[in-house]
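Colleague: Using my numbering, the first residue of the sequence shown is number 3, and each one after it goes up by one.
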Amino acid sequence: MKLQEMLSGIKACIFDMDGTLVDSLGMWSDIDRRFFERYGMETPADYEKKINHMSFLEMAQFTKEEYQIPDSVETIMELWTEWSKEEYESEIQAKPGAQELLQFLKEQGIPLSLATTNRKELYEPCLRRNHLYSYFDHIMNVNEINSAKSEPKIYQLLAAKMNVKPEETLVFEDILIAVNTAHQAGFKVAAVYDKRNERDQQKIKTLSDFYFKSFLEEPEKL
3 MKLQEMLSGI
13 KACIFDMDGT
23 LVDSLGMWSD
33 IDRRFFERYG
43 METPADYEKK
53 INHMSFLEMA
63 QFTKEEYQIP
73 DSVETIMELW
83 TEWSKEEYES
93 EIQAKPGAQE
103 LLQFLKEQGI
113 PLSLATTNRK
123 ELYEPCLRRN
133 HLYSYFDHIM
143 NVNEINSAKS
153 EPKIYQLLAA
163 KMNVKPEETL
173 VFEDILIAVN
183 TAHQAGFKVA
193 AVYDKRNERD
203 QQKIKTLSDF
213 YFKSFLEEPE
223 KL
């Protein structure tokens, strides 16, 4: 379907960043491997799925407790930040067509917000380098509101900031738990394909209104 048709009844959009607007899959897989190797372990097979909706602090707390990591939560967060900061500042790229989609939405007069699990020192340089930062009227991360993508709080707060109702708001997400959260809270959902969520694609589609295999292709109406 045409992008214009997708926007019928939509007054605002909320975007996730990692896996939706930017391709950071390889980096986080490498960081997970490096992290667990530090403690003589292999990355647990279901690790990423367990943590990808959590705030930075929640991820560190969960990882320490679940895998009995001897270092402090603060040290874990410092390691992750140190290892990922350079990548976000210089390497991580926007997904093809992401900027063009944001530009199109802005030209339609649609206010845009970003809802991320990432911290400002990581998301801001990445968005600025990829020329995406200026498109957003509001940016919020789950860490600053003591929440996670398993709760609708971040979407609800951003919708309130844009003065729109959930049913008038289109949420772009790539992971199953976030798609489900937005759907259950009454938001319209545009699911975005990302390789790391390959096995969840059918479940994601059943909870979404639209589906992007790529931003270079027109969305599929579900």
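Heads up, the beta-carbon is just placed ideally off N, CA and C, and yes, glycines get one too.
Tell me the residue span of the beta strand (DSSP E) that contains residue 143.
Modeller: Translated into positions along the sequence shown, residue 143 becomes position 141. Taken as a continuous stretch (DSSP letters only), the beta strand (DSSP E) holding residue 143 covers 140–143.
Colleague: Please list, in chain order, all residues of the same chain as residue 23 whose beta carbon is under 7 Å from its beta carbon, the five residues on each side excluded.
Modeller: In the sequence shown, the residue the question calls residue 23 occupies position 21. Cβ within range, chain order: 17, 96, 97, 100 and 134.
Colleague: Let's test the definition: count the other Cβ atoms within 10 Å of the Cβ of residue 208 and tell me whether it reaches 16, buried, or not, exposed.
Modeller: Numbered from its first residue, the sequence shown carries residue 208 at position 206. Its Cβ having fewer than 16 others within 10 Å, residue 208 is exposed.
Colleague: Kindly give me the distance between the Cβ atoms of residue 210 and residue 181, rounded to whole angstroms, as I take these residues to be in contact under 8 Å.
Modeller: If you number the sequence shown from 1, residue 210 lands on position 208. If you number the sequence shown from 1, residue 181 lands on position 179. Indeed they touch by this definition, with Cβ atoms about 6 Å apart.
Colleague: What do you reckon, are the CB atoms on residue 94 and residue 31 nearer than 7 Å?
Modeller: Here residue 94 refers to the residue found at position 92 when the sequence shown is read from its first residue. Here residue 31 refers to the residue found at position 29 when the sequence shown is read from its first residue. No, these two residues do not count as a Cβ contact at 7 Å.
Colleague: How about residue 163 and residue 140: do their beta carbons lie closer than 7 Å?
Modeller: Taking the sequence shown and counting its residues from 1, the one referred to as residue 163 is at position 161. Taking the sequence shown and counting its residues from 1, the one referred to as residue 140 is at position 138. Contact flag set, yes.
Colleague: Could you tell me which of 143, 136, 91 and 81 sits nearest to residue 108, measuring between CA atoms?
Modeller: As a working note, residue 108 is residue 106 in the sequence shown. Selected option, being the one with the closest Cα: 136.
Colleague: I believe residue 14 touches residue 113 by the beta-carbon criterion, under 8 Å. Please report the beta-carbon distance rounded to the nearest angstrom.
Modeller: The residue labelled residue 14 in the question sits at position 12 within the sequence shown. The residue labelled residue 113 in the question sits at position 111 within the sequence shown. Between residue 113 and residue 14 the Cβ distance is about 5 Å, and since that is below 8 Å, they are a contact.
Colleague: Could you have a look at residue 206 and say whether DSSP puts it in helix, strand or coil?
Modeller: Stepping through the sequence shown from its first residue, residue 206 is reached at position 204. Three-state DSSP puts residue 206 in a helix.
Colleague: Buried or exposed, going by whether 16 or more other CB atoms sit within 10 Å of the CB of residue 147?
Modeller: Here residue 147 corresponds to residue number 145 of the sequence shown, with the count starting at 1. The residue in question, residue 147, is exposed, as its Cβ has fewer than 16 Cβ neighbours within 10 Å.
Colleague: Quick check on this structure: which residue in 36, 51 and 20 has the alpha carbon closest to the alpha carbon of residue 202?
Modeller: Along the sequence shown, read from residue 1 onward, the residue named residue 202 stands at position 200. Taking only the C-alpha atoms, the option nearest residue 202 is 51.
Colleague: Suppose you measure from the CA of residue 129 to the CA of residue 45; what does that come to, to the nearest Å?
Modeller: Residue numbering aside, residue 129 sits at position 127 when the sequence shown is read from its first letter. Residue numbering aside, residue 45 sits at position 43 when the sequence shown is read from its first letter. The alpha-carbon atoms of residue 129 and residue 45 are separated by roughly 28 Å.
Colleague: Between residue 34 and the rest of its own chain, which residues show a CB-CB distance below 8 Å, the 5 nearest in sequence each way excluded?
Modeller: Residue 34 sits at position 32 when you count from the first residue of the sequence shown. Once the five neighbours on either side are set aside, the close Cβ partners of residue 34 are 45, 49 and 50.
Colleague: Which ranges does the alpha helix (DSSP H) cover as unbroken runs of at least 4 residues, wholly within the region 130–202, from first to last along the chain?
Modeller: The region 130–202 contains these whole alpha helix (DSSP H) runs: 155–163 and 178–186.
Colleague: Between which residues of its own chain and residue 198 is the CB-CB distance below 7 Å, once the five residues before and five after are set aside?
Modeller: The count along the sequence shown starts at 1 and reaches residue 198 at position 196. Excluding positions up to five away in sequence, the list reads 21, 27 and 50.
Colleague: What residues in its chain sit with their C-beta under 7 Å from that of residue 60, if we drop five residues either side in the sequence?
Modeller: Against the sequence shown, residue 60 aligns to sequence position 58. Excluding positions up to five away in sequence, the list reads 150.
Colleague: What number of angstroms, rounded off, separates the C-alpha of residue 169 from the C-alpha of residue 12?
Modeller: Position 167 of the sequence shown, counting from 1, holds the residue named residue 169. Position 10 of the sequence shown, counting from 1, holds the residue named residue 12. Cα to Cα, the separation comes out at about 8 Å.
Colleague: So, for residue 4: in the same chain, excluding its five sequence neighbours on each side, which residues have a beta-carbon less than 8 Å away from its beta-carbon?
Modeller: Locating residue 4 in the sequence shown gives position 2, where the first residue counts as 1. Correct list, in chain order: 220.
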